[in-house]
Every structure is written in structure tokens, then in C-alpha cells.
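Chains as they are written, first to last, in my numbering: chain U, 1 to 114; chain Y, 1001 to 1113. Just so it is clear, CB atoms sit at the ideal spot from N, CA and C, and this is done for glycine as well. These notes are about the structure you will find just below.
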């Protein structure tokens, strides 16, 4: 398996623009997580899905953020409109069995909003 | 609720010296414990995990961690570090009743030649 695949690796956009981050989890994993990592706040859980259904989105910072998982092999995280404070590295991770065995992370998307 | 405390934000250590990265957790139920490593510009990778059984767990690259229930700790150790161990290390806790992991803030290990 190629692991968790995220795209793009880097994204630079202007304030106010829409940004879409993409994630392909490991085949067969039934949990998918979106995290944001910054120097100031560390690793923050934004939202997670189980069998394509959002379970907990309490970490989504505000209504500008939305996430979908239309099928077991694809998820998106959208920011509309983007703001400079959204600049961070966004990670997707997937797991089996509620993550008891650990998570597999993607390589991340480094987002810069100017 | 569960929480994780990593006591050191940065740990400099000379090459071939031993190192210990400290991690304490709090939880009212049984826990699963993890250490992840993040190399520059990469995602987190699972280094080792404690699920049950032996309280001493090892990774393939010489790290080990010991689950100490009485002290609620899961410290990571290596007897002799290499330059390639320079990375950020995250301790994490998972309780069976929750469906998500809580991560610590991370400890940056800098190995000095």
C-alpha cells in the first residue's frame, strides 16, 4: 500500500480564496482524521470520520472550514474563505479499529495564505 | 478525560550519548500509549506502542519505552543516539472508550555531532 496520500504538498493562496485539501486513506481503514499543526498550537484534531460518516467536528475552528468523505477512499478539507491565520501544515491520518493500533499519517499539506 | 504532558520541549544531546524523553499521562481508564516520530517536512510515524502485556516495548531502531502505571508515565529512551535520530517526538494516549488519540505537544530531539 502506498500509505496515506495527501495533495497538494504545498499550497500558496491569497486571502479570501477557497482552498481544498485532499486525502486518500489506506485501503480498508475505517477511520479518517484531519489534523492541523502549527508552532503555536501544536497538533490539533479538526474532525474525524468513521465509515465515511463525520463523528466529531468539534475541532473545526469555524464555519469557514468544512470536510467531506464521499466514499471510503477519498476525503476533502475545504477552507472558504481562507485567512492568513489558517496557514499551517494539515495532516490526514487513517486507522483501523478506532486507532488502537496507531494511526498512519500522510506527508501533509503546507498551506500558506498571504 | 485524557491528557498527555511532555515535560521537555527541546532536548539537546551529544551523539552516542543516552537520552530520555519524558511523557506523563492522565486517564481514569485503561490506556493505550504511543510514541510517534516526525522528521523534518514529513508526517508523524508510529515509533512504538504499548497495548497490553509486557510493560517494556521496543522499536526497530533501538528506542524503548516503559509503561509505568503507578507513575502514569511512558518515557522514551535510547542508550546511544545517532545524528539521524534528530526529529520531533510525540507521546500519545488512547483510551478504549474514546475514538480519538490525544497527542502531547512534542519534544524536539537535537543530536549534536
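Residue i, DSSP secondary structure in three states
| i | result |
| --- | --- |
| residue 61 (chain U) | coil |
| residue 85 (chain U) | helix |
| residue 1022 (chain Y) | coil |
| residue 1083 (chain Y) | helix |
| residue 9 (chain U) | coil |
| residue 110 (chain U) | strand |
| residue 1007 (chain Y) | coil |
| residue 1042 (chain Y) | coil |
| residue 1154 (chain Y) | This structure leaves residue 1154 (chain Y) out entirely; chain Y is present only between 1001 and 1113. |
Spatial distance of residue i from residue j (CA atoms)
| i | j | result |
| --- | --- | --- |
| residue 9 (chain U) | residue 1061 (chain Y) | 28 Å |
| residue 1029 (chain Y) | residue 31 (chain U) | 22 Å |
| residue 1005 (chain Y) | residue 1106 (chain Y) | 9 Å |
Among the options, nearest to residue i - alpha-carbon criterion
| i | options | result |
| --- | --- | --- |
| residue 108 (chain U) | U:102, U:67, U:37 and U:16 | U:37 |
| residue 96 (chain U) | U:7, U:22 and U:104 | U:104 |
| residue 33 (chain U) | U:5, U:81 and U:12 | U:5 |
| residue 1008 (chain Y) | Y:1112, Y:1065 and Y:1108 | Y:1108 |
| residue 1074 (chain Y) | Y:1001, Y:1023, Y:1051 and Y:1027 | Y:1023 |
| residue 1026 (chain Y) | Y:1035, Y:1001 and Y:1113 | Y:1001 |
| residue 25 (chain U) | U:16, U:86 and U:72 | U:72 |
| residue 40 (chain U) | U:12, U:114, U:21 and U:86 | U:86 |
Residues sharing a beta bridge with residue i, DSSP
| i | result |
| --- | --- |
| residue 71 (chain U) | U:74 |
| residue 1029 (chain Y) | According to DSSP, which records beta bridges pairwise, residue 1029 (chain Y) is partnered with nothing at all. |
| residue 94 (chain U) | U:32 and U:104 |
| residue 1051 (chain Y) | The partner list for residue 1051 (chain Y) (beta bridge, DSSP) is empty, contrary to what the question assumes. |
| residue 1089 (chain Y) | Y:1037 and Y:1107 |
task: Below 8 Å between beta carbons is the criterion; list the residues of the region 17-50 of chain U that meet it against any residue of chain Y, in chain order.
output: Within the region 17-50 of chain U, those residues whose Cβ lies closer than 8 Å to any Cβ of chain Y are, in chain order, 31, 33, 42, 43, 45, 48 and 50.
Where the region 1022-1036 of chain Y meets chain U: residues whose CB sits under 7 Å from a CB there: Taking 7 Å as the Cβ-Cβ cut-off, the region 1022-1036 of chain Y approaches chain U at 1032 and 1034, given in chain order.
field: Members of the region 93-105 of chain U that neighbour chain Y once the beta carbon cut-off is set at 9 Å
entry: If the cut-off is 9 Å between Cβ atoms, the region 93-105 of chain U has 93, 95, 98, 99, 100, 101, 102, 103, 104 and 105 near chain Y.
field: Near-chain Y residues of the region 53-74 of chain U (beta-carbon distance less than 8 Å), N- to C-terminal order
entry: Here the close residues are 55 and 56.
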